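*Asks:* In terms of the working numbering, the sequence shown opens at residue 88 and continues consecutively.
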Amino acid sequence: METLTGLSLAPLLPYWVVLPLAGVAGGLVVYALARRARGALQRLVALGALTGVLLNPQWVTETREPLSDVAVVVVDASPSQALTGRLPAVEASAHALTEALGRLPGLETRVVRVEGQDGETRLMGTLNEALADVPRDRRAGVIVLSDGQIHDSVTTDVGAPVHVVLTGPREGRDRVVLVGDAPGFGLVGKPVRLSVTVEDGGVSPGTPVPLRVALNGKTTAERLVPANQPAGVDVVLDTAGPNVIELETPVVSGEIAAINNRAALMLNGVRDRLRVLLLSGQPHVGERVWRNLLKADPAVDLVHFTILRPPMKEDLTPLSELALIAFPIQELFEERVGEFDLIVFDRFVRWGLVPDVYLANVAAAVRRGGAVLFSVGPEDTLPDTLANSPLAEILPARPSGRLIETPFVPTLTGEGRRHPVTAGLPGAGVDGAPPTWGPWGRLVEQQDARGRIVMTGAQGLPLLVLSKAGEGRVALLASDTVWLWAKGWQGGGPQGELLRRLAHWLMREPELEEESLRARIENGRLLVSRRTMETLPETVRVEPPGEPARSLSLHETQPGVGEAEMAAPVPGVYRVEAGEGFLALAVSGPPNPPETTRLLPTEARLAPLARESGGAMLWLEPGGRLPTPHRVPPGQPAHGPGWIGLVAQGRHVVSGVTLTPVFGGPLAFVLILGGLAAAWFREGHASRPREGDPNRG
């Protein structure tokens with residue numbers, strides 16, 4: 088606290104009134120003095136007193152409270168500091184620096200931390216927030232403890248010296264895998280080319296360095312690429328949906344960190360076109376249901392044949408006049424059978440039309456990874472049923488020969504409530520409640536089921552059976568009246584959703600796998616989902632990038648589905664495992680997140696800020712020894728050998744003011760009245776005749 092005094096004027100009338108009056112009166116008095124008029128001096132005293140009263144001079148006594156200046160210490164605690172082991176030294180230096188600043192008088196110290204956000208170090212944004220409420224004339228300076236790897240725009244107009252203390256070694260080596268522009272998707276089974284560069288300042292350009300390529304956790308290639316030069320890498324996607332590609336180069340001696348020796352990206356696998364062969368027997372009402380479903384999907388190429396005239400039917404119409412074409416048996420069942428992703432037999436009857444050798448080709452194609460769907464009706468009770476052909480080896484059930492024509496409401500089984508084809512179908516009923524669907528019309532009794540029965544019909548008999556044959560998949564729908572749902576009969580049902588799921592499960596849609604482990608990153612969190620037809624495990628194993636593995640508890644959200652989540656702040660690949668053979672990968676951030684790509688300390692980004700603000704650019708010395716902070720006057724150099732300066736701005740706030748009038752009431756009255764009286768007396772005395780004056784009467 089300090090006290091200052093001074094003289095101040097607080098005129099009773101505006102200056103433009105007081106000063107002209109005082110000037111005119113003063114001129115008259117001066118004129119009288121020049122003429123040596125009696126009483127002029129006394130009038131001057133009275134006029135001066137009156138002018139003083141009008142100007143109202145006062146003694147001002149101010150009590151001032153000095154304001155502390157503000158110094159900001161910015162601590163870079165971003166992942167680039169932690170991953171390279173520099174963070175402990177930074178924390179210790181920040182603590183020592185804060186203590187040293189606390190010993191300086193008139194200084195307020197603010198410490199802010201930059202943790203890293205969205206894979207970036209936004210240091211300038213944090214600094215601007217810390218100084219937002221500090222006037223420029225109270226800013227003493229800024230001290231930044233960082234590795235220089237910042238990713239927001241640098242503004243040099245801070246209003247105070249900015250001293251940058253870089254952490255980490257001046258010289259170091261770091262090998263980095265960089266991914267150039269990569270597509271967001273690729274066709275399944277087709278190569279996707281990536282541009283990859285392995286940067287290493289320790290080797291000359293073109294030096295061969297090893298690179299490992301992995302797809303969905305499995306190594307697909309190991310090759311040599313030229314260092315510090317772009318190289319093309321081809322990857323063939325093998326799965327529809329998300330595919331995680333990892334690119335990794337070995338760690339070399341002397342590297343500052345290993346996390347940027349690998350890069351990861353996710354490409355969405357898209358099937359070029361799904362080829363479906365629909366073979367219908369005699370025309371029936373439900374035939375259009377299958378055709379409409381498959382034609383509505385833009386990703387499906389549909390080939391549809393309907394047997395309009397069986398071989399045993401007599402027709403005397405000349406062939407040249409028929410609008411029908413011959414059934415291309417050899418082309419479909421021998422030459423092109425392996426091209427179809429799905430073959431649908433819709434109430435198809437052999438009728439001696441397709442030799443057994445061709446049907447055996449279909450069974451072989453399924454075992455190699457194809458798919459077939461049998462939708463059966465009354466023809467399945469006849470001797471020419473496909474169950475009496477080579478396809479019997481892959482059928483999930485066999486017909487008993489009995490047709491049940493009693494209407495029934497389809498019901499999900501216990502497995503059906505867990506299987507992704509039927510789980511959660513609208514109207515299925517929950518907690519034991521019956522379905523709200525409309526009924527179907529008839530059912531072909533099936534026996535010897537060797538697949539998963541997910542729906543039952545009349546008398547609890549199998550209605551929808553799913554199975555696997557070798558590498559392929561097979562489904563059997565034991566009724567041809569699913570079209571009643573499409574027509575909305577007695578309320579209808581989710582016919583479109585059921586058949587869509589069924590077709591895409593047969594064609595290996597990843598989202599419809601009954602045994603699956605999936606992981607994804609959403610809003611900075613890792614979301615894990617495990618689906619199984621067996622007992623749900625209690626935990627999954629999660630390995631974050633650059634961290635030890637940990638267990639994550641699953642919570643059952645619906646029958647057969649367990650979910651879990653955790654924070655995923657570090658960019659990179661998160662590996663999730665659930666038992667033998669179940670591995671899921673999730674990629675957080677871009678292939679080369681700025682925070683973990685460049686890890687060597689650098690002056691380039693912060694040097695202009697230090698230079699333009701008058702601050703120092705320093706390196707943290709071995710042992711963590713810091714420059715000594717001092718207060719410096721405004722306009723003086725703010726750094727020197729072994730020290731850094733913080734400006735002493737000297738700002739204050741007035742806490743009290745005392746005003747004492749110079750011309751108080753009595754004094755002004757005495758001076759004015761006394762001056763006028765003296766002038767009157769002087770003039771009056773001068774006007775009387777003296778003794779002996781001859782003119783005296």
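Glycine is no exception: its CB is placed at the ideal position from the N, C-alpha and C atoms. Here the structure is a predicted model, which is why all the values come from computation and not from measurement.
Measuring straight from C-alpha to C-alpha, what distance separates TRP524 and PRO497?
*Replies:* Numbered from 1 along the sequence shown, position 437 holds the residue referred to as residue 524. Numbered from 1 along the sequence shown, position 410 holds the residue referred to as residue 497. C-alpha separation (whole angstroms): 8 Å.
*Asks:* So the beta strand (DSSP E) VAL459 belongs to, where does it begin and stop?
*Replies:* In the sequence shown, the residue the question calls residue 459 occupies position 372. It spans 458–462 - the beta strand (DSSP E) in which VAL459 sits, taken as one unbroken run.
*Asks:* What is the residue span of the beta strand (DSSP E) that VAL704 lies within?
*Replies:* For the purposes of this step, residue 704 is taken as residue 617 along the sequence shown, with counting starting at 1. Reading the sequence as shown, one finds Met at residue 704 and not Val. Run containing MET704: 704–706, per the beta strand (DSSP E) assignment.
*Asks:* Taking just the CA atoms, how far does VAL436 sit from GLY368?
*Replies:* As a position in the sequence shown, residue 368 is number 281, starting the count at 1. As a position in the sequence shown, residue 436 is number 349, starting the count at 1. In a straight line, the C-alpha of GLY368 is about 6 Å away from that of VAL436.
*Asks:* Looking at C-alpha atoms only, which residue of VAL157, LEU499, GLU152 is the closest neighbour of ARG718?
*Replies:* As a first step, residue 718 must be located in the sequence shown, where it is residue number 631. Nearest option by C-alpha distance: VAL157.
*Asks:* Taking only beta-carbon atoms, is GLU652 less than 9 Å away from chain C?
*Replies:* Judged by its chain identifiers, the structure shown contains no chain C, having just a single protein chain.
*Asks:* Express the C-alpha separation of ALA301 and ARG173 in angstroms, rounding to a whole number.
*Replies:* On the sequence shown, residue 173 is found 86 positions in, with the first residue counted as 1. On the sequence shown, residue 301 is found 214 positions in, with the first residue counted as 1. Distance between the alpha carbons of ARG173 and ALA301 is about 31 Å.
*Asks:* Would you mind giving the Cβ-Cβ distance between SER233 and LEU210, rounded to the nearest angstrom? I have them listed as a contact below 8 Å.
*Replies:* Position 146 of the sequence shown, counted from the first residue, corresponds to residue 233. Position 123 of the sequence shown, counted from the first residue, corresponds to residue 210. Between LEU210 and SER233 the Cβ distance is about 6 Å, and since that is below 8 Å, they are a contact.
*Asks:* Let's test the definition: count the other Cβ atoms within 10 Å of the Cβ of ARG783 and tell me whether it reaches 16, buried, or not, exposed.
*Replies:* The sequence position of residue 783 within the sequence shown is 696, counting from 1. In this predicted model, ARG783 has a pLDDT of only 44, less than 50, meaning its place in the structure is not dependable; the value taken from the coordinates is given anyway. It counts as exposed.
*Asks:* From the DSSP output, which residues share a beta bridge with GLN577?
*Replies:* Here residue 577 is taken as the residue at index 490 of the sequence shown, counted from 1. In DSSP, GLN577 forms no bridge with anything.
*Asks:* What residue does the beta strand (DSSP E) around LYS305 start on, and which one ends it?
*Replies:* The residue you call residue 305 lines up with position 218 of the sequence shown. First-last of the beta strand (DSSP E) with LYS305: 305–313.
*Asks:* Helix, strand or coil: which one does DSSP assign to GLY547?
*Replies:* Counting from one through the sequence shown, the residue named residue 547 turns up at place 460. Correct three-state label for GLY547: helix.
*Asks:* Just to confirm the assignment, what range does the beta strand (DSSP E) spanning THR683 have?
*Replies:* Here residue 683 refers to the residue found at position 596 of the sequence shown. Run containing THR683: none in the beta strand (DSSP E); it sits in the alpha helix (DSSP H), 681–684.
*Asks:* Can you tell me whether MET653 is buried or exposed? The criterion is at least 16 other CB atoms within 10 Å of its CB, across all chains shown.
*Replies:* The count along the sequence shown starts at 1 and reaches residue 653 at position 566. It counts as exposed.
*Asks:* Over the uninterrupted beta strand (DSSP E) stretch that includes VAL263, give me the two end residues.
*Replies:* Mapped onto the sequence shown, residue 263 falls at position 176. Unbroken beta strand (DSSP E) run through VAL263: 262–266.
*Asks:* Please name the residue, chosen from ALA735, VAL744, HIS371, that lies closest to LEU191 on a Cα-to-Cα basis.
*Replies:* The residue you call residue 191 lines up with position 104 of the sequence shown. Checked all of ALA735, VAL744, HIS371; the closest Cα to LEU191 is ALA735.
*Asks:* In angstroms with no decimal places, state the Cα-to-Cα distance between THR307 and ALA515.
*Replies:* By 1-based counting over the sequence shown, the position of residue 307 is 220. By 1-based counting over the sequence shown, the position of residue 515 is 428. Cα to Cα, THR307 sits roughly 44 Å from ALA515.
*Asks:* My assumption, with CB atoms under 8 Å, is that HIS250 sits in contact with GLY702. Please give the rounded CB distance.
*Replies:* Indexing the sequence shown from 1 puts residue 250 at position 163. Indexing the sequence shown from 1 puts residue 702 at position 615. That belief holds up - the Cβ atoms of HIS250 and GLY702 are roughly 4 Å apart, short of 8 Å.
*Asks:* Taking just the CA atoms, how far does VAL198 sit from THR185?
*Replies:* Counting from one through the sequence shown, the residue named residue 185 turns up at place 98. Counting from one through the sequence shown, the residue named residue 198 turns up at place 111. Distance between the alpha carbons of THR185 and VAL198 is about 8 Å.
*Asks:* Measuring only the C-alpha atoms, how far is THR254 from VAL229?
*Replies:* Indexing the sequence shown from 1 puts residue 254 at position 167. Indexing the sequence shown from 1 puts residue 229 at position 142. Each residue's alpha carbon lies about 16 Å from the other.
*Asks:* TRP146 lies in the alpha helix (DSSP H); which residues open and close that run?
*Replies:* For the purposes of this step, residue 146 is taken as residue 59 along the sequence shown, with counting starting at 1. Not the alpha helix (DSSP H): TRP146 falls in the beta strand (DSSP E), residues 144–153.
*Asks:* I need the DSSP call for ALA654, collapsed to helix, strand or coil.
*Replies:* In the sequence shown, the residue the question calls residue 654 occupies position 567. Three-state DSSP puts ALA654 in a strand.
*Asks:* Give me the Cβ distance between PRO248 and GLY732, rounded to the nearest whole Å; I'm assuming they're in contact under 8 Å.
*Replies:* Here residue 248 refers to the residue found at position 161 of the sequence shown. Here residue 732 refers to the residue found at position 645 of the sequence shown. That pair is a contact at about 7 Å.
*Asks:* Please look up how many angstroms separate the CB atoms of ILE430 and VAL459, rounded, as I've assumed it's under 8 Å.
*Replies:* Your numbering for residue 430 matches position 343 in the sequence shown. Your numbering for residue 459 matches position 372 in the sequence shown. Going by Cβ atoms, the distance from ILE430 to VAL459 rounds to 5 Å, so yes, they are a contact pair.
*Asks:* Kindly indicate which three-state DSSP category GLY93 falls into: helix, strand or coil?
*Replies:* Stepping through the sequence shown from its first residue, residue 93 is reached at position 6. If DSSP states are grouped into helix, strand and coil, GLY93 belongs with the strands.
*Asks:* Give a yes or no on whether the C-beta atoms belonging to LYS277 and LEU324 are separated by under 9 Å.
*Replies:* By 1-based counting over the sequence shown, the position of residue 277 is 190. By 1-based counting over the sequence shown, the position of residue 324 is 237. Yes. Within cutoff.
*Asks:* When the Cα atoms are used, what is the spatial distance from ILE394 to ARG375?
*Replies:* Looking up residue 394 in the sequence shown gives position 307. Looking up residue 375 in the sequence shown gives position 288. In a straight line, the C-alpha of ILE394 is about 14 Å away from that of ARG375.
*Asks:* Throw me the rounded Cβ distance for the GLU286 and VAL263 pair, which I believe falls under 8 Å.
*Replies:* On the sequence shown, residue 286 is found 199 positions in, with the first residue counted as 1. On the sequence shown, residue 263 is found 176 positions in, with the first residue counted as 1. The Cβ separation is near 5 Å, so the contact holds.
*Asks:* By Cβ distance below 7 Å, which residues in the same chain neighbour GLU333 in space, the five residues on each side in sequence not counted?
*Replies:* Translated into the one-based positions of the sequence shown, residue 333 becomes position 246. Excluding positions up to five away in sequence, the list reads ALA301, ARG349, ALA351, VAL660.
*Asks:* Rounded to whole angstroms, what's the CA-CA distance from ARG588 to LEU469? Just pull it up for me.
*Replies:* Within the sequence shown, residue 588 is the residue found at index 501, counting from 1. Within the sequence shown, residue 469 is the residue found at index 382, counting from 1. Cα to Cα, the separation comes out at about 30 Å.
*Asks:* Would a C-beta distance cut-off of 9 Å place ALA565 and ALA484 closer than the cut-off?
*Replies:* As a first step, residue 565 must be located in the sequence shown, where it is residue number 478. As a first step, residue 484 must be located in the sequence shown, where it is residue number 397. Going by C-beta atoms, ALA565 is nearer than 9 Å to ALA484.
*Asks:* Using the C-alpha atoms, what's the distance from VAL744 back to ARG151?
*Replies:* Residue 151 sits at position 64 when you count from the first residue of the sequence shown. Residue 744 sits at position 657 when you count from the first residue of the sequence shown. Going from the Cα of ARG151 to the Cα of VAL744 covers about 9 Å.
*Asks:* Could you give the uninterrupted runs of the beta strand (DSSP E) lying entirely in the region 250–301, keeping only those of 3 residues or more?
*Replies:* Taking only runs of at least 3 residues, the beta strand (DSSP E) segments lying wholly in the region 250–301 are 262–266, 272–274, 278–287.
*Asks:* In the DSSP assignment, the beta strand (DSSP E) including LEU696 goes from what residue to what residue?
*Replies:* Taking the sequence shown and counting its residues from 1, the one referred to as residue 696 is at position 609. Taken as a continuous stretch (DSSP letters only), LEU696 belongs to no beta strand (DSSP E), being part of the alpha helix (DSSP H) at 694–700.
*Asks:* With H, G and I counted as helix, E and B as strand and the rest as coil, what does DSSP make of TRP524?
*Replies:* Counting from 1 along the sequence shown, the entry for residue 524 is found at position 437. In this structure, TRP524 counts as coil in the three-state DSSP scheme.
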